[in-house]
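So the sequence shown is numbered by the numbering used here: it starts at 54 and just counts up by one. Ideal placement from N, C-alpha and C gives every residue a C-beta, glycine not left out. In this text the structure is predicted, and so the values were computed from the model without any measurement. A quick write-up on the structure given underneath.
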Amino acid sequence: MKSVTKANSAMRNLTVAAATLSCMVICMFSYGARAAEFNLTPNQENAAPLTKLSADEGTEFVKEYYAALSRVDIPAVVAKFAETVDYEGEGQRDRSYIRSDLEKYVARWPILSFKPEATTVSPKEDGSAAVTFNLSYSLANDTKTTSGHSTNNWILRRINEKLQIISQREVVHPNARPGLDKSPIPEAVEPEEALSDEDLAKSRKAQVAPERASKATSAAKTPRTNALGDFVIALDIGHSPLRGGAISARGVSEYQFNRRLVTELYAKLQSFGFTRSFIINPEGEEIHLIKRAAVANERNADLFLAIHHDSVKDTYLKKWETDGKIQKYCDDFHGYSIFISRKNPKAAESARFATALGSALLNAGFTPTLHHAEQENRPLLDREKGLYAFDDLVVLKTAKMPAVLLECGIIVNRIEEEKLTTPEYRDRLTGAIELAISKFASTPAATANSSQAPAKQQEN
Ligand SMILES: [Zn+2]
């Protein structure tokens with residue numbers, strides 16, 4: 054299977070209809086200005102004498118490239134290429150060709166998530182350096198999602214003091230589609246027998262370990278069972294760009310936190326074989342809460358998970374100045390909280406997932422916050438795991454499948470906000486959520502009458 058995520062010829066054949074997306078228009082305008090900065094035609098002779106490229110520098114360069122591509126900052130991506138590039142086996146291509154190729158790519162896949170891993174940097178005699186890495190990707194648009202990994206070989210050279218790509222090759226291995234995959238490689242597939250959480254966590258670590266990924270990637274990313282691949286998770290990004298929810302201690306809207314976490318969680322779920330999962334309202338349109346659950350209902354999701362970030366009651370907020378602006382904060386509360394509605398038609402199953410989620414978060418070192426009980430009289434169903442009842446929460450009540458809302462952390466807490474902005478912290482968070490979903494998806498519903506609201510939410 055050989056194709057190219059970014060320069061796929063099939064992709065290029067697609068109509069440019071989607072390219073009219075407004076974000077692209079903005080990118081193209083700003084490109085003009087940016088292109089002027091690089092209008093210096095740095096020929097190879099101008100290349101600075103070799104300052105050896107360090108492994109860190111190479112790794113950072115790759116990270117920045119994919120960070121820019123993920124936020125659809127095409128000018129920033131294009132600026133990382135030399136004037137002419139040996140491009141994806143097509144021969145020498147110039148920047149305007151690459152720019153147009155990238156624009157088509159992001160028009161087709163407006164939601165992108167990339168994770169480069171296992172980057173190696175080998176300096177060459179001529180002053181350039183070969184960089185290789187493995188890339189996990191997940192891409193989505195309104196109707197489709199795709200994910201997989203690729204192996205990448207780039208050659209970088211310092212031109213006018215600036216690192217640039219002079220050669221780029223990518224070989225893509227899309228994830229097998231659930232149900233079609235009849236040849237999983239046995240040792241990479243988890244046994245279906247119940248494993249302890251610890252074993253499960255260990256075998257996962259092995260699956261994503263870079264050494265493993267670079268050697269036997271197709272095995273490592275094979276969906277473990279068809280059952281998991283068939284399990285559909287509807288991910289709801291809490292709030293919208295215009296009505297952004299809470300405001301963090303540094304003035305960032307909750308929606309931004311929710312969107313980033315959902316995008317990363319989605320990518321993680323895809324890479325663990327939950328290939329049919331989807332994001333509700335990925336474009337952040339102003340849709341009604343009922344509509345959010347309706348989308349999940351229409352698409353027969355098996356689990357509804359709303360992602361939010363938390364605040365505290367106004368009376369607890371204090372003022373501070375940061376970045377020249379007065380913002381509100383409260384460092385007295387921190388932690389996650391989980392909500393279910395006992396009016397959801399699958400309330401017992403909602404509680405079962407919520408319990409698994411609480412356990413996974415605790416095991417991963419997170420702590421629950423109890424302030425919703427103190428400040429809002431929210432009934433605490435499980436104090437240890439931070440599980441609350443919020444019976445009339447619209448999305449939870451109107452979803453027909455088990456539904457849970459997770460407040461990932463308290464963003465008015467200055468320390469917790471900082472933690473939530475680090476990729477490592479979020480990786481631990483999405484890892485725990487994924488583990489809970491896997492556990493929930495691989496264990497059948499406890500009883501046939503799981504659709505009845507439980508009399509008590511006590512876990513077994
Ligand atoms: Zn919220």
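Specify the secondary structure class of F357 as computed by DSSP and reduced to three states.
Here F357 sits in strand by DSSP.
So what's I127 in DSSP terms, helix, strand or just coil?
Of the three classes helix, strand and coil, the one that applies to I127 here is helix, per DSSP.
Report the option in T104, V130, K105 whose CA atom is closest to the CA atom of K41.
No information on residue 41 is available, as it lies outside the stretch 54 to 513 that the chain covers here.
Kindly indicate the opening and closing residues of the alpha helix (DSSP H) around G377.
First-last for G377: undefined, no H or E at that position.
Return the residue from the list S175, L370, F386 that minimises the CA-CA distance to I379.
Answer by Cα proximity: L370.
Give the secondary structure of E29 by DSSP, where H, G and I count as helix, E and B as strand, and everything else as coil.
What the structure shows of the chain is the stretch from 54 to 513, and residue 29 is not part of that stretch, so it cannot be assessed.
Between the C-alpha atoms of A413 and A489, what's the straight-line distance to the nearest angstrom?
If I take the Cα positions, the gap works out to 6 Å.
Pull up the DSSP beta-bridge partners for L440, would you.
L440 pairs with I391, D435.
Assuming N353 and R345 are in contact, meaning their beta carbons sit under 8 Å apart, how far apart are those beta carbons, in whole angstroms?
No, N353 and R345 are not in contact; Cβ-Cβ is about 15 Å, not under 8 Å.
Cutting at 7 Å between CB atoms, please list the residues of its own chain near A452, excluding the five before and the five after it.
Correct list, in chain order: A346, A349, N350, F357, N397.
Run the proximity test for G201: is its beta-carbon closer than 7 Å to any non-hydrogen atom belonging to ligand 1?
Incorrect: G201 has no Cβ contact closer than 7 Å to ligand 1.
Can you find a heavy atom of ligand 1 that lies under 7 Å from the Cβ of A299?
Correct: A299 has its Cβ closer than 7 Å to ligand 1.
Can you check which of these residues, F186, S123, G142, is closest to W162 by C-alpha distance?
Checked all of F186, S123, G142; the closest Cα to W162 is S123.
Buried or exposed for L295, please, with buried defined as at least 16 other CB atoms from any protein chain shown within 10 angstroms of its CB.
Exposed is the call here.
Would the C-beta of G291 count as close to ligand 1, meaning under 7 Å from any of its heavy atoms?
Answer for G291: yes, Cβ within range of ligand 1.
Can you determine whether any heavy atom of ligand 1 sits closer than 7 Å to the C-beta of H361, and answer yes or no?
Under cutoff, so the answer is yes.
At a cut-off of 7 Å, is E470 close to ligand 1 when judged by its beta-carbon and the heavy atoms of the ligand?
The answer is no for E470.
Regarding E429 and ligand 1, is the C-beta to nearest heavy atom distance less than 7 Å?
No; taking the cut-off as 7 Å, the Cβ of E429 has no heavy atom of ligand 1 nearer than that.
Tell me which residue opens and which closes the beta strand (DSSP E) that E336 is part of.
Taken as a continuous stretch (DSSP letters only), E336 belongs to no beta strand (DSSP E), as it is neither H nor E.
Buried or exposed: where does G15 fall if 16 or more other Cβ atoms within 10 Å of its Cβ makes it buried?
Coverage of the chain is limited to positions 54 through 513, which leaves residue 15 absent and any answer about it impossible.
To the nearest angstrom, report how far apart A426 and Y119 are at their CA atoms.
Roughly 41 Å between the two C-alpha positions.
For a test of the three-state rule: what should DSSP assign to A498, helix, strand or coil?
Of the three classes helix, strand and coil, the one that applies to A498 here is coil, per DSSP.
Cβ atoms of F327 and L288: under 8 Å apart, would you say?
The answer is no: Cβ separation not under 8 Å.
Does the beta carbon of E437 fall short of 7 Å from some heavy atom of ligand 1?
E437 Cβ: outside cutoff for every heavy atom of ligand 1.
Spatial neighbours of S200 within its chain, please: C-beta separation below 8 Å, excluding the five flanking residues on both sides.
Excluding positions up to five away in sequence, the list reads S189, Y190, S191, L192, P227, N228, A320, Q323, S324, T328.
In this structure, what does DSSP give as the bridge partners for P227?
Answer is G201.
Across which residues does DSSP place S539 in a beta bridge pair?
Any answer about residue 539 is impossible in this case: the structure gives the chain only from 54 up to 513.
So, is N213 buried or exposed, given that buried needs 16 or more other C-beta atoms within 10 angstroms?
When all chains shown are included, N213 counts as exposed.
State the Cα-Cα distance for the pair T496 and N205, rounded to the nearest angstrom.
Approximately 37 Å, taken between the alpha carbons.
Does the Cβ of H292 have 16 or more other Cβ atoms within 10 Å, making it buried, or fewer, making it exposed?
By the 10 Å Cβ count, H292 comes out buried.
Can you tell me which residues form a DSSP beta bridge with P176?
DSSP output for P176 lists A182 as bridge partner(s).
How is the beta strand (DSSP E) around E460 delimited, first residue to last?
E460 -> beta strand (DSSP E) spans 456-463.
Which same chain residues, not among the five before or five after L216, have their C-beta less than 6 Å away from its C-beta?
Result list for L216: F114, L209, in chain order.
Taking only three categories from DSSP, how would you classify E351?
Note: E351 maps to helix in three-state DSSP.
Could you pull the start and end residues of the beta strand (DSSP E) that Y150 belongs to?
Counting along the chain, Y150 falls outside any beta strand (DSSP E), though it belongs to the alpha helix (DSSP H) covering 148-161.
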